[in-house]
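Student: Sharing a structure, written as structure tokens. Questions coming.
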Amino acid sequence: MEFVIATLYRLIDLYSWALIIYILMSWFPNARETAIGRFLSRICEPYLEPFRKIVPAIGMIDISPIVAFIVLNLAKTGILELYRWFV
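This is the structure:
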């Protein structure tokens with residue numbers, strides 16, 4: 000059980016870093032057209048898209064990734080609380 004919880008926790012951390020890199024790539028021209036950019040787009044866009052539908056952009060600023068990070072952190076907290084509850 001502990002292995003599963005630790006693995007999920009690490010996967011969420013890894014995915015958070017992938018999101019950060021993907022978001023930072025938007026600051027650099029043509030960065031998302033590279034192989035790494037296309038890979039990150041395939042794994043990050045399906046997660047970010049629902050948040051973009053719910054949270055409107057403020058001018059040119061897209062704040063939906065902030066909400067996405069909050070949800071990921073809530074998931075990490077929930078995983079830890081479930082572990083504590085069962086153990």
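Numbering (numbering that gives the first Met the number 0), first residue to last: 0 to 86. Note that CB positions come from ideal geometry on N, CA and C, so glycine has one too. The structure presented is a predicted model; accordingly, all values stated were derived computationally and were not measured.
What does ILE60 pair with, by DSSP beta-bridge criteria?
Tutor: ILE57
Student: LEU47 and ILE20 - do their beta-carbons sit closer together than 8 Å?
Tutor: LEU47 sits away from ILE20, with the two beta carbons spaced by 8 Å or more.
Student: With a threshold of 7 Å on Cβ separation, who are the neighbours of SER15 within its own chain once the five nearest residues in sequence on each side are excluded?
Tutor: PHE68 and LEU71
Student: In angstroms, rounded to a whole number, what distance separates the CA positions of ILE60 and MET0?
Tutor: 41 Å
Student: Near ARG51, which residues of its chain fall below 6 Å by C-beta distance, leaving aside the five closest residues on each side in sequence?
Tutor: SER63
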